[in-house]
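What follows is one structure encoded as structure tokens, with my remarks underneath.
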Amino acid sequence: MKNILIIGAGKSSSFLIKYLLEKSDQENLHLTIADISIENANKLIKNHKNASTIIFDVFNEKQRTSEIKKATIVISMLPAKLHIEVAKDCIKFGKNLVTASYVSPEMKALNKQVKEKGLIFMNEIGVDPGLDHMSAMQIIDKIRNKGGKMLLFESFTGGLVAPESDTNLWNYKFTWNPRNVVLAGQGGAAKFTQESTYKYIPYHKLFRRTEFLNINDEKFEAYANRDSLKYRETYGLENIPTMYRGTIRRVGFSRAWNIFVQLGMTDDSYTIENSENMSYRDFVNLFLAYSPSDSVELKLRSYLKIDQDDIMWEKLLELDLFNPIKKIGIKNATPAKMLQKILEDSWTLQEKDKDMIVMQHLFGYEINGKKEQIESSLVVLGENQSYTAMSKTVGLPLAIATLKILKGQITKPGVQIPISKEVYEPILKELKSHGIEFIEKKVPYLGYNPNHVIG
């Protein structure tokens, strides 16, 4: 029996576990699901005869090496920074490894050892990164095979709330790690290329330079990712004139989020004295000038020039930002952590809420002297709080890749991401049967349209 060790049983693991259990009899699989808290895992396996759960501490070297040694293949669902010790043990004991995380410099440095052992370390095989790579490379390779020259590649992804669960003025709820949402865009200027010109957007301008998208006849906006150029070489697009990657939100979100950025509420670089005893209203007042007569509300509207009948003001009121009673309750918190606490009150998915994954690629190219463009779009809706669109689009690519490695259908050794035809073609084909399918259509070639950009 092939033993699949799954380390981590968080929110993205439900479809991963479901898929592998459904295949377990046919493929002779046993799943060992290891987590520091296995309550969620026990719910997901439902006493299945081909699965077991264990309480697992990745920092316990004796336990970690023992479990990896017993495994046929390892899936790490841990935070990216915790993969490396698992990866080293996989090399030591000759085990293949699958993760959904970005390839870190530490992971990349293991490539020589992984190849020497003939192992496969498949990374970035979730949704973004993952589905974005596979779906993009499939079309880029088709264009190249026809003799086309790539002129433009734009790629956008968003984890959003499904329309039927969209119940607030922000048209947004947390569908993944709230901390990552609050800190999005920080750590350096966003960079991309536009008509062979390098462009940079500093963080304080990021949410006022958005691009509009139409997906399934609905309008969305996207702000630029921090580094749109990191995959130029990987995709073989070193000389492409325009390359831009962004994050999708509903129209109006970015303009409102910019309020927090301008006030300094998303800063994670220092802590606030007495933060645990501060009210939400106190928190807002931290970033405003002192006035013996003006209210916090009036100071904020005056500082940011927000009219009282502006929808931006309504969005702030909806978050209960000015509540003098509610406490932050977090000691030595950064402004970002305090903001996150406030937002979680309003943006946490409720029991019956459903999430949604939206992705779109634009491919501009020249073939036989003619410029053409392809638009490829994906929309996936979640089923419920356990089986979300996020867990589906992360977990299924992971699970399918794992099984194909086990069956010897993916064979190339090394630390890698899913950009080769051997990997993306069968996985994308199987994903269609699970409702994960990109809709492609030819559209007029526009190039990078500067009219799409606000500000």
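266 is the number that the numbering used here gives to position 266 of the sequence shown; each next residue is one higher, with no gaps.
Idealized CB from N, CA, C, for every residue including glycine.
Only a predicted model underlies this, so the values are computations on that prediction, with no experimental measurement involved.
- Message: Quick check: the Cα distance between Ile-454 and Ile-73, rounded to an integer number of angstroms?
- Response: Low local confidence applies: a pLDDT of 36 at Ile-454 is under 50, so the model's placement there is unreliable, and no value is given.
Next on the checklist: Check whether the stretch 197 to 210 and the stretch 258 to 276 are in contact - that is, three or more C-beta pairs closer than 8 Å.
Outcome noted: yes
(message) Rounded to the nearest angstrom, what separates Asn-274 and Val-181 at their Cα positions?
(response) 25 Å
task = Would you check if the distance between the CB atom of Gly-158 and the CB atom of Arg-226 is smaller than 9 Å?
result = no
Taking three-plus beta-carbon pairs below 8 Å as touching, is the stretch 348 to 366 in contact with the stretch 156 to 175?
yes
Counterpart residues of Thr-53 in DSSP-defined beta bridges: Ile-33
query = Roughly how many angstroms separate the alpha carbons of His-30 and Leu-263, rounded to a whole number?
reply = 52 Å
When we look at the beta-carbon of Leu-446 and count the other beta-carbons within 10 Å, is it buried (16 or more) or exposed? exposed
Euclidean distance between Cα positions of Asn-214 and Glu-440:
13 Å
Run of the beta strand (DSSP E) containing Asn-463, from where it starts to where it stops
The displayed coordinates of the chain run from 1 to 455. Any statement about residue 463 would go beyond what the structure contains.
**Prompt:** Beta carbon of Ala-184, beta carbon of Thr-247: below 9 Å?
**Reply:** yes
Check: Would you say the stretch 138 to 146 touches the stretch 340 to 355, given that touching needs at least three Cβ pairs under 8 Å?
Finding: no
TODO: Closer than 8 Å by C-beta to Ile-240: which residues in its own chain qualify, once you throw out the five before and the five after it? Chain order, please.
DONE: Met-150, Leu-151, Leu-152, Phe-153, Thr-193 and Arg-232
**Item:** CB of Ser-76 within 9 Å of CB of Leu-97, strictly
**Value:** yes
Tell me whether Gln-416 counts as near the ligand COA, meaning its Cβ is closer than 8 Å to at least one heavy atom of that ligand. This structure does not include the ligand COA; it has no bound ligands of any sort.
In this structure, how does DSSP classify Thr-271 when only helix, strand and coil are distinguished? coil
Could you tell me which residues DSSP pairs with Ala-190 in its beta bridges? Ile-201
Can we say the stretch 110 to 120 touches the stretch 41 to 52, given the rule of at least three CB pairs closer than 8 Å? no
task: Would you check if the distance between the CB atom of Val-423 and the CB atom of Ala-401 is smaller than 9 Å?
output: yes
*asked:* Taking the straight line between their C-alpha atoms, what separation do you get for Ala-289 and Met-390?
replied: 41 Å
Handout entry: Residue from Ile-33, Val-86, Lys-305 and Lys-146 with nearest C-alpha to Glu-372
Key = Lys-146
Tell me whether Glu-218 sits in a helix, a strand or coil according to DSSP, three-state version. strand
Original post:
Would Thr-393 be called buried (16 or more neighbouring beta carbons within 10 Å of its own) or exposed?
Top reply: buried
Rank Asp-320, Thr-175 and Gln-385 by C-alpha distance to the C-alpha of Glu-297 and give the top, closest one. Asp-320
Checklist entry - Could you check where the beta strand (DSSP E) with Leu-97 kicks off and where it finishes? => result 96 to 99
query: Which residue from Gln-63, Ser-293, Ser-376 and Gly-188 puts its Cα closest to that of Val-443?
result: Ser-376
Worksheet item: Name the DSSP beta bridge partners of Arg-255, please?
Response: According to DSSP, Arg-255 bridges with nothing at all.
Item to complete: Excluding the 5 residues preceding and the 5 following Val-465 in the sequence, name in chain order all residues of the same chain whose CB lies nearer than 6 Å to its CB.
Response: Outside the shown range of the chain (1 to 455) lies residue 465, about which nothing can therefore be said.
By the three-class DSSP mapping on this structure, what secondary structure does Leu-160 have?
strand
Is Lys-327 closer than 9 Å to Ser-279 when the C-beta atoms are compared? yes
- Sequence-distant residues of its chain with Cβ nearer than 6 Å to Asp-307 (five each side left out): none
Quiz item: Which same chain residues, not among the five before or five after Pro-324, have their C-beta less than 7 Å away from its C-beta?
Solution: Ser-279 and Arg-281
Notebook entry, point to check: What span of residues does the alpha helix (DSSP H) with Leu-20 cover, start to end?
Noted result: 14 to 27
Point to revise | Contacts around Ile-436, its chain only, beta-carbon distance under 8 Å, and the 5 residues preceding and following it disregarded | key: Leu-131, Leu-378, Val-380, Lys-392, Thr-393 and Leu-396
_Nearest residue (CA-CA) to Ile-38, options Asn-28, Asp-25 and Ser-52_ = Ser-52
Practice prompt. Determine the DSSP secondary structure at Thr-210, reduced to helix, strand or coil.
Written response: coil
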